[in-house]
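When the letters of the sequence shown are read in order and numbered with this note's numbering, they come out as residues 183 to 710.
These notes are about the structure you will find just below.
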Amino acid sequence: MAQLPPGIRFITSFSRDQWYRAFIFTLTFFLYASFHLSRKPISIVKGELHKHCAASHEVELSSYREYAAQIQHVKKPSNASQCGWEPFDKNNYKQLLGALDYSFLCAYAIGMYLSGIIGERLPIRYYLTVGMLASGLFTAMFGLGYFYNIHNLWFYIMAQIANGLVQTTGWPSVVTCIGNWFGKGRRGLIMGIWNSHTSVGNILGSLIAAYWVSTCWGLSFVMPGVIIAVMGIFCFLFLIEHPKDISCSSTPSSSSNAFLNGASRFRVHMPTLNAKEASKPQDPEMQHLLIDSENCTASQNSSSAITGEGRHGTSAISFLGALRIPGVIEFSLCLLFAKLVSYTFLFWLPLYITNVEHLDAKRAGDLSTLFDVGGIFGGILAGLISDRLEKRASTCGMMLLLAAPTLYMFSAVSKMGLEATVVMLLISGALVNGPYALITTAVSADLGTHKSLKGNARALSTVTAIIDGTGSVGAALGPLLAGLISPSGWNNVFYMLMVADACALLFLLRLIQKELRCNADHTLFKEH
């Protein structure tokens, strides 16, 4: 018998379950990358909506007639002014641009609290598909203002509000889906890699928007809108909500536990452990993530109130019930300030680079992608460290502690030249996005399947929405504050970001203390 070709041997070396799992990993990765791809254009286009036009007033009188003769035959476009796009061509342009950011992010924060509750009661595939198609519509709607010569501020604000609301369908859906397909083993590393879709989407969105920003900024919104709508069609055609839908196992290795998230399905297989198995070390994430102050285990007494239906846990969790899960409030408040910093960079970094480095909008947009490149490595590093140390809160705290002085260095070093800016963008991106990525993925999944829920995995969507929704309040405040503070100087914006990082660390101190105390107790137990 002839030997199989190497390519066929490679394909057959993986099981059917592994191929499906890899497919869902890749599909959800690009689905949510398209969400961030459609959010990025506004930050790139800001430099085009308002241009510095002081040069026209500095033309010397002696050469004015010559200057006028050169331009008198050039027809000025009806949809643009010399200082940018009306109404953003006024001196208060930073406040107006900040209002656009705030409109989107405030709507996103409010909608996120509702999205998780609605999402766990509907089929994920339908819910996500509708959200992506609507996101494509409202993203393109902003760009249509260019082609239809619209200069009404409220048109752009309403487009941002509508887009913010429908984009809330994305995160709870993809986290729930990926949580269905992957178990707890090495969750930090797996979700750290998976969460790089945020940075990949930002990078692609920056490059696509920057390609058209100087020639036809309307296409900077229309093309991302088309892309996310097309990805919504792919979602409808190919997304598999749970491995049980196609008779696959729910974890990479055979497991006796099966959890189902989503509408109208729930099943739990409880393992029977003998004394020998019970004595084995538990999964580190079950052991060390969220621990009771006395026993390093979650309280069992409140589980009935949390699940709403006792030990069977078949009902959807309530909002207050989700808040009772140990650690949800602390991580939610930490994410509020961590996301404030991250989204300030997301929406204002290109404009900052334009002002400091004196680059055009396209080059500034391209350079800003380095922050997201650093974010990819930061998210993976945070997941890897948290898996190795078995401490989620401590990992976030360590990166937040390093982020604050790094932001100060960035504000000082970025004025020294382009090379220094490149280095600091990479480092800052890693330290700012690392905790943000870890909390929104591995931590949210850990909390949504916390053992105090006694198997009610339908809580995952609600818990994810609460954590990300609270973080989105910070995401709304950050760009707004940046717009209000930046006229007094960019240094003051960086001071605000450093204070936010310190606040994020402050809310994690109790959990960090618990993790360290539990680790000390565990070490003492082993010595005895």
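Using N, Cα and C, we set each Cβ at its ideal position, and we do this for glycine too.
Nearest-angstrom Cα separation, counted from residue j out to residue i
| i | j | result |
| --- | --- | --- |
| GLY651 | ILE343 | 15 Å |
| GLY313 | ALA215 | 14 Å |
| PRO406 | SER670 | 34 Å |
| VAL348 | ASN673 | 35 Å |
| LEU698 | LEU690 | 12 Å |
| THR496 | GLU302 | Because THR496 sits at a pLDDT of 48, beneath the cut-off of 50, its placement in the model cannot be relied upon, and the following sentence gives the value as read from the coordinates. Roughly 12 Å between the two C-alpha positions. |
| THR644 | SER626 | 10 Å |
| CYS700 | ILE694 | 10 Å |
| MET678 | THR526 | 10 Å |
| VAL614 | LYS521 | 9 Å |
| TYR534 | ASP542 | 11 Å |
| PHE416 | THR210 | 10 Å |
| LEU472 | PHE513 | No answer about LEU472 holds up, because its pLDDT of 40 lies below 50 and its placement is not dependable. |
| SER576 | ALA619 | 14 Å |
| ASN439 | ASN362 | Residue confidence for ASN439 is low, a pLDDT of 40 falling below 50, so the modelled location carries little weight; the figure read from the coordinates is stated next. Their backbone Cα atoms lie some 11 Å apart in a straight line. |
| GLY509 | GLN185 | 55 Å |
| LEU608 | SER429 | 43 Å |
| SER596 | TRP530 | 15 Å |
| ILE511 | TRP399 | 41 Å |
| ILE390 | ALA624 | 30 Å |
| PHE270 | LEU319 | 23 Å |
| ARG570 | ASN377 | 18 Å |
| GLY547 | GLN200 | 38 Å |
| ILE332 | THR350 | 27 Å |
| GLY327 | PHE196 | 50 Å |
| MET294 | LEU287 | 10 Å |
| LEU386 | ILE375 | 17 Å |
Local Cβ density within 10 Å of residue i, reported as buried at 16 or more and exposed below that
| i | result |
| --- | --- |
| MET598 | exposed |
| LEU687 | buried |
| THR712 | Residue 712 is absent from the model: the chain starts at 183 and stops at 710. |
| SER402 | buried |
| GLU170 | The shown model of the chain, from 183 to 710, leaves out residue 170, and the question about it has no answer. |
| SER285 | buried |
| ALA204 | exposed |
| ILE190 | exposed |
| ARG221 | buried |
| LYS573 | buried |
| ALA379 | Sequence inspection shows His at residue 379; the Ala mentioned does not correspond to that position. Result: buried. |
| HIS540 | exposed |
| THR194 | exposed |
Expected contact under 8 Å - CB spacing of residue i and residue j to nearest Å
| i | j | result |
| --- | --- | --- |
| PRO354 | THR646 | 5 Å |
| SER610 | LEU589 | 6 Å |
| LEU296 | CYS359 | With 8 Å as the limit, LEU296 and CYS359 do not qualify as a contact, their Cβ atoms being about 19 Å apart. |
| GLU724 | PRO305 | Residue numbering for the chain in the displayed model covers 183 to 710; residue 724 lies beyond these limits and cannot be assessed. |
| PHE676 | SER593 | 4 Å |
| VAL604 | LEU552 | 6 Å |
| GLY560 | GLY503 | In fact, because the Cβ distance is near 33 Å, the residues do not count as touching under 8 Å. |
| ASP283 | LEU662 | 7 Å |
| ALA341 | PHE364 | About 36 Å separates the two Cβ atoms, so there is no contact after all. |
Given residue i as reference, the closest of the options once Cα atoms are compared
| i | options | result |
| --- | --- | --- |
| VAL412 | THR210, SER643, THR311 | THR311 |
| TRP394 | ASP683, ALA686, ARG545 | ARG545 |
| PHE519 | LEU335, TRP363, ALA657 | ALA657 |
| LEU517 | CYS578, ILE562, LEU528, ASN537 | CYS578 |
| GLY557 | ILE292, ALA612, MET580 | ALA612 |
| LEU335 | PHE212, PRO661, GLY280 | GLY280 |
| PHE207 | ASN331, ILE372, ILE409, ARG574 | ILE372 |
| SER524 | ALA391, TRP267, SER654 | SER654 |
| ILE649 | SER668, GLY665, ASP628 | ASP628 |
| ALA291 | LEU505, VAL356, ASN345 | ASN345 |
Distance cut-off 7 Å: residue i Cβ against heavy atoms of the ligand ZN
| i | result |
| --- | --- |
| VAL538 | Annotation note on the ligand ZN: not contained in the displayed structure, which lists no ligands. |
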